[in-house]
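Step one of this worksheet: look at the structure below.
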Amino acid sequence: MGSVPVIELEAVGRHYEVGDSRVTALHDVDLSVEPGEFLVVLGPSGCGKTTLLNLIGALDTPSEGSVRVAGHALEGAGRKDLFRFRRETVSFVFQSFNLFPALTARENVQFAVDVARRGRPGPDASEVLERVGLATRMDHFSHQLSGGEQQRVAIARALATGNPVLLADEPTGELDFRTGVAILELLHEQAHAGVTVMIVTHNREISRVADRVVELSSGTVVGDGPPPGGTADIASLHW
Amino acid sequence: MRGLALWLRWSWRDLRARWLQVAAIALIIAIGSGTYSGLTSVSAWRQASYDASYDALDMYDLRVALTTGSFADADRLLAAAAAIPHAADIAAAEPRLEVPIQVDASTADELVLVPGRLVGVDVRDGGPHVSGIATVEGRGLRPDDAAGDTVVVDEHLVQRHDLAPTGTLRLSGGRELRYVGTGLSPENFFPVDDRGSVFADFAVVYAPLSTVQRVGGHPGQANRLVLRVRPGADRDAVEREIEDALAAELGDVGLTVTRQEDDQVLRLLYDDIEGDQRFYDIFAVLILAGATFAAFNLTVRIVEAQRREIGIGMALGVPPRTIAVRPMLVGAQVALLGVAFGVGVGLLIDELMADLLSGFFPLPVWEFAFRPGIFLRGAALGLALPLAATAVPVRRAVRVTPVEAVSTTHRTASGGLAPLLSRLPLPGSSVTQMPFRNVLREPRRTLLTALGIAAAITTLIGVIGMVDSFVATIAAGDDEIVGDTPDRLTVDLDGFALVDAPEVTAITDDPMLRAAETGLTLGGTLEPGDDGIDVALYTVDLQSDLWVPTAVEGDLDHDGPGLVLSEKAAADLGVGVGDDVTLRHPRREGVGYRWVESELAVLALHPNPYRFIVYLDDEWASLFDLEGVVNTVRVAPADGVTVPDVQRDLFGQEGVASVVPVTDLARSVRDQIDEVFGIFRVIEGAVLLMALLIAFNATSINLDERARENATLFAFGLPVSRVVLVAVTESLVIGVLGTVTGVIAGRLLLAWLMAAIVPGTLPDIGVVTYLSASTVATALVLGVLAVTIAPLLTVRRLRRMDIPSTLRVVE
Numbered sequence: 386m387g388s389v390p391v392i393e394l395e396a397v398g399r400h401y402e403v404g405d406s407r408v409t410a411l412h413d414v415d416l417s418v419e420p421g422e423f424l425v426v427l428g429p430s431g432c433g434k435t436t437l438l439n440l441i442g443a444l445d446t447p448s449e450g451s452v453r454v455a456g457h458a459l460e461g462a463g464r465k466d467l468f469r470f471r472r473e474t475v476s477f478v479f480q481s482f483n484l485f486p487a488l489t490a491r492e493n494v495q496f497a498v499d500v501a502r503r504g505r506p507g508p509d510a511s512e513v514l515e516r517v518g519l520a521t522r523m524d525h526f527s528h529q530l531s532g533g534e535q536q537r538v539a540i541a542r543a544l545a546t547g548n549p550v551l552l553a554d555e556p557t558g559e560l561d562f563r564t565g566v567a568i569l570e571l572l573h574e575q576a577h578a579g580v581t582v583m584i585v586t587h588n589r590e591i592s593r594v595a596d597r598v599v600e601l602s603s604g605t606v607v608g609d610g611p612p613p614g615g616t617a618d619i620a621s622l623h624w
Numbered sequence: 008m009r010g011l012a013l014w015l016r017w018s019w020r021d022l023r024a025r026w027l028q029v030a031a032i033a034l035i036i037a038i039g040s041g042t043y044s045g046l047t048s049v050s051a052w053r054q055a056s057y058d059a060s061y062d063a064l065d066m067y068d069l070r071v072a073l074t075t076g077s078f079a080d081a082d083r084l085l086a087a088a089a090a091i092p093h094a095a096d097i098a099a100a101e102p103r104l105e106v107p108i109q110v111d112a113s114t115a116d117e118l119v120l121v122p123g124r125l126v127g128v129d130v131r132d133g134g135p136h137v138s139g140i141a142t143v144e145g146r147g148l149r150p151d152d153a154a155g156d157t158v159v160v161d162e163h164l165v166q167r168h169d170l171a172p173t174g175t176l177r178l179s180g181g182r183e184l185r186y187v188g189t190g191l192s193p194e195n196f197f198p199v200d201d202r203g204s205v206f207a208d209f210a211v212v213y214a215p216l217s218t219v220q221r222v223g224g225h226p227g228q229a230n231r232l233v234l235r236v237r238p239g240a241d242r243d244a245v246e247r248e249i250e251d252a253l254a255a256e257l258g259d260v261g262l263t264v265t266r267q268e269d270d271q272v273l274r275l276l277y278d279d280i281e282g283d284q285r286f287y288d289i290f291a292v293l294i295l296a297g298a299t300f301a302a303f304n305l306t307v308r309i310v311e312a313q314r315r316e317i318g319i320g321m322a323l324g325v326p327p328r329t330i331a332v333r334p335m336l337v338g339a340q341v342a343l344l345g346v347a348f349g350v351g352v353g354l355l356i357d358e359l360m361a362d363l364l365s366g367f368f369p370l371p372v373w374e375f376a377f378r379p380g381i382f383l384r385g386a387a388l389g390l391a392l393p394l395a396a397t398a399v400p401v402r403r404a405v406r407v408t409p410v411e412a413v414s415t416t417h418r419t420a421s422g423g424l425a426p427l428l429s430r431l432p433l434p435g436s437s438v439t440q441m442p443f444r445n446v447l448r449e450p451r452r453t454l455l456t457a458l459g460i461a462a463a464i465t466t467l468i469g470v471i472g473m474v475d476s477f478v479a480t481i482a483a484g485d486d487e488i489v490g491d492t493p494d495r496l497t498v499d500l501d502g503f504a505l506v507d508a509p510e511v512t513a514i515t516d517d518p519m520l521r522a523a524e525t526g527l528t529l530g531g532t533l534e535p536g537d538d539g540i541d542v543a544l545y546t547v548d549l550q551s552d553l554w555v556p557t558a559v560e561g562d563l564d565h566d567g568p569g570l571v572l573s574e575k576a577a578a579d580l581g582v583g584v585g586d587d588v589t590l591r592h593p594r595r596e597g598v599g600y601r602w603v604e605s606e607l608a609v610l611a612l613h614p615n616p617y618r619f620i621v622y623l624d625d626e627w628a629s630l631f632d633l634e635g636v637v638n639t640v641r642v643a644p645a646d647g648v649t650v651p652d653v654q655r656d657l658f659g660q661e662g663v664a665s666v667v668p669v670t671d672l673a674r675s676v677r678d679q680i681d682e683v684f685g686i687f688r689v690i691e692g693a694v695l696l697m698a699l700l701i702a703f704n705a706t707s708i709n710l711d712e713r714a715r716e717n718a719t720l721f722a723f724g725l726p727v728s729r730v731v732l733v734a735v736t737e738s739l740v741i742g743v744l745g746t747v748t749g750v751i752a753g754r755l756l757l758a759w760l761m762a763a764i765v766p767g768t769l770p771d772i773g774v775v776t777y778l779s780a781s782t783v784a785t786a787l788v789l790g791v792l793a794v795t796i797a798p799l800l801t802v803r804r805l806r807r808m809d810i811p812s813t814l815r816v817v818e
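Sequences listed follow chains A and B, in order.
Whatever position you read off the first sequence (first residue = 1), add 385 for my numbering.
Whatever position you read off the second sequence (first residue = 1), add 7 for my numbering.
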């Protein structure tokens, strides 16, 4: 590696005020991610994984520390800049898919293209859907698709933006094993294609296929490195 | 272009997904904007219809009336007019002879004995050419009618008593007149009797001039001259010259010249437009406000339902303005739909109002043309208000942080006020308690639903409460007038008479009567006051056994002269019992009268809401120098004698102008007001429908938001009936909250309307603020029952629910 990191977090903390008490979701997190890395953030529920993802995706702002993604310093950035950042730099894949239910699969993807490209030519939504294996399901609405298909649409939507960072929050959490594996393959392919892919999950098995695993516990990084035993092949996964 | 197409498609799907709620909001907007357009255009077409009617019948420009009882040679009147310097400016001049009559138009079903006026007009050459007569039914007058007793009856009498369009009338004295049709003439577009009462049952009968001269015993004579002035002519000069010429011609005979714009009936009709419009404006604003709030409330809910999708848009980096496009497009389309429906609602309201008004004010010309300008204004309001209502929640939705917007749990995280309930030892299982917990768990949602219902109920109470208040006011007036002697009759004489004159004693000594009390009715003005208060002063025996006004304050027993005022008059004058007021009244002086002022104490206050009614004990008639002079007699039938018997007995007696049962007086007012209330009922119908839609919609959205929870209950094996029961109970609680809030707010609104708006619109009436039990019951039924049973409409949807899909995170 050795290139300029695409994601850099320095001493990042995130606290919430709940009534009279203060809840710390993240504390003093340092993280540096290289372009094209396939990174898994691993940890149990409530350890701060999603908060970390939200901070990197500029959905949330840190209480302290700095977050820099693809050269953009997010702390202190204006609302307008943050919207632009999300449009042009990161893409999300959510556990619950978060498709627009009133749009077809093709329209969901096309919408993301239109938003990210803003008039500039972009990939054809149909082609992207074909790439994720949904050539025959393009004109279906989300309620007409299975969970795995919906997640494929969500991934297609993320890919179609052409953004350099893909953030996936428990992307296999609502899927059966076979579908989950297929989704992981898709995400893995993106990393090979140069997209930085960051997955947060509580499923330790998934972390076996990552280039790097960052382990969180109670809002603190407790481990950072390649998976024990080296990166496994996706075909070897089982859960 | 592709982007726009996507947005439009998307918003159409949004509309389709919630078509029932969308249709309901659109209808609410339609009722709001349509009622506004419909009610606002009423004034426009009334004005146009009046203008056209007056134009069509060539309403006089100047009208000369000789003093009551005076007549002049008809040809001399015409010659005098023709001789003025500006005679060339006169387009037409016609003499008239008007004489008071009593008419018996009784049918097999109804005794119709009414005072009236026989109007002799020039029918030569297709006349009258000034203030013509429009034929409504049958035929108009022809020159050859002069040979016989052929007449045309004013349409109002025929309509009021449902008479045949042709037939025979009998005048007092037995003379019969054959009426060949019914008609309308500008001076009688609204029937006003010889004392100026607009509510009187009064017969206007048109006949050739020579017929009236023959019937009235005034051959060749007239007592009116009506003129039309050429357009652009100097009317002031014509008026001045006519007045001078006739004064010179007639010598001692007094005369008054009335301009068209000062015509009593014309002013009454045009002023009525203005007064009615104030009420229409109030109703239109109330309904529009209710509709706007409802649209706002419902849009908030729809936008909130899209909260997560807005969050996804934020996560994708869609700029807030672009995110706002979708809900705003939905809002715009709902508004457009509402405005389109609104035109229909407006036209429907227009048509209903037209039916009612043309029945109430029969006119020769009604112009109900569509008023695009007014409807455009209504449409603009119908568009702007819901759009503004959409913009507020949209703006709020796009201002939350993306992480909050995309969250699936943030709104339920705190549990709302549910912890309060957990401390209460409520009976029943957790399922039984669930509706109450639901209500408290999300106070904002509860509040929005309750406010939606409350808005509808507030409008309902405000509008129908006004109707209730008017009805109660009239009832109070009826009760006071009728008192304990509903068989009483009022006999008005055709002029002043000595109390011992034969025509008076013929009444007072009539064996068919058990009681007869003479009195005076005079006009006057009470001061102080901004402009003084015009009053009708009645002298009555305040110790009478027949009838006395009720003293709600003060005492009718007294030693000196004093007045019994209405509570409204006292309040307006700022006086109470014991205070002095200045009464400006006529006082006999020689053969005429002079206006004088007398300081009189307020003896008591009566509850009649009409502030112009003032009583003075008859022993103080000396104030007017009219001791022993009367012009009215209050009578009651003897035992075994009926009211119609008395009417027939006194009909046609010398000196009697009219014999009217007091219950008829009250009924007459009520009939007239009921016509006006017919118009209010149209508005009431619109409000009821709107309230029902708001209540249904608010509940329906509430249920949609509970879809996932209901799916969870199904997952736990609860039957549909139990889940519906939970929903019904929750709706009941919210319905009660909303209805109670609405009734309280509506009552406050009503009080404000009555205190701030009505006094300026109806200064002569002390309208009581009253909310009838039936209105409250309607509000309760609507607000509680309709809302409570609304979940039942969703049973089918619940039965068909795809539980696994619904259980997934709602997108």
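Glycine included, C-beta positions come from ideal geometry on N, C-alpha and C.
Note that the coordinates shown come from a computational prediction; the quantities given were computed from them, not determined experimentally.
Simplified DSSP assignment, three categories, for residue i
{"i": "Met360 (chain B)", "result": "helix"}
{"i": "Ile91 (chain B)", "result": "coil"}
{"i": "Gly614 (chain A)", "result": "coil"}
{"i": "Pro122 (chain B)", "result": "strand"}
{"i": "Met386 (chain A)", "result": "With a pLDDT of only 46 at Met386 (chain A), under 50, the local geometry of the prediction cannot be trusted, and no value is derived from it."}
{"i": "Tyr777 (chain B)", "result": "coil"}
{"i": "Leu262 (chain B)", "result": "strand"}
{"i": "Gly518 (chain A)", "result": "coil"}
{"i": "Val588 (chain B)", "result": "strand"}
{"i": "Arg593 (chain A)", "result": "coil"}
{"i": "His417 (chain B)", "result": "Model confidence at His417 (chain B) stands at a pLDDT of 44, short of 50, so the residue's coordinates are unreliable; what they give is reported in the following sentence. Looking at His417 (chain B) - three-state DSSP - the assignment turns out to be helix."}
Chain A contact residues for residue i, given Cβ-Cβ distances below 8 Å
{"i": "Leu289 (chain B)", "result": "In the sequence as displayed, the identity of residue 289 (chain B) is Ile instead of Leu. Those do not exist, as Ile289 (chain B) stays about 41 Å from chain A at its closest Cβ, beyond 8 Å."}
Residue span of the beta strand (DSSP E) that contains residue i, given as start and end
{"i": "Asp111 (chain B)", "result": "Ile97 to Asp111"}
{"i": "Gly188 (chain B)", "result": "Glu183 to Leu191"}
{"i": "Tyr67 (chain B)", "result": "Per DSSP, Tyr67 (chain B) belongs to no beta strand (DSSP E) and is neither H nor E."}
{"i": "Ala154 (chain B)", "result": "First-last for Ala154 (chain B): undefined, no H or E at that position."}
Contact set between residue i and chain B, taken where Cβ atoms lie within less than 8 Å
{"i": "Asp445 (chain A)", "result": "Thr408, Pro409 and Val410"}
{"i": "Gly442 (chain A)", "result": "Ala322"}
Amino acids of chain A, ordered along the chain, whose beta-carbon sits closer than 7 Å to that of residue i
{"i": "Arg20 (chain B)", "result": "Ala487"}
{"i": "Gly10 (chain B)", "result": "Asp499"}
{"i": "Glu316 (chain B)", "result": "Phe485"}
Residue i: contacting residues in chain B (beta-carbon distance under 9 Å)
{"i": "Gln575 (chain A)", "result": "Here the premise fails: no neighbours, minimum Cβ distance about 17 Å."}
Closer than 9 Å at the beta carbon, the chain C residues around residue i
{"i": "Ile319 (chain B)", "result": "Considering every chain present, this structure includes no chain C. Its protein chains are A and B."}
Extent of the continuous alpha helix (DSSP H) run through residue i
{"i": "Ser204 (chain B)", "result": "Ser204 (chain B) -> no alpha helix (DSSP H), and no H or E assigned at all."}
{"i": "Met473 (chain B)", "result": "Pro450 to Val489"}
Residue i: contacting residues in chain A (beta-carbon distance under 9 Å)
{"i": "Pro766 (chain B)", "result": "By Cβ distance, chain A contributes nothing, its closest Cβ being about 53 Å from Pro766 (chain B), past 9 Å."}
Contact between the region 118-132 of chain B and the region 256-274 of chain B: three or more CB pairs below 8 Å?
no
On the three-pair Cβ rule with 8 Å, is the region 540-548 of chain A touching the region 492-509 of chain A?
yes
Residues from the region 300-314 of chain B in contact with chain A, defined by Cβ distance under 9 Å
none
Using a Cβ cut-off of 7 Å, which residues of the region 16-41 of chain B contact any Cβ in chain A, in chain order?
Trp17, Arg20, Asp21 and Ala24
Assess contact between the region 456-465 of chain A and the region 532-539 of chain A, defined as three or more Cβ pairs (one per stretch) separated by less than 8 Å. Is contact present?
no
With contact counted as at least three CB pairs below 8 Å, one residue from each stretch, are the region 366-386 of chain B and the region 402-415 of chain B in contact?
no
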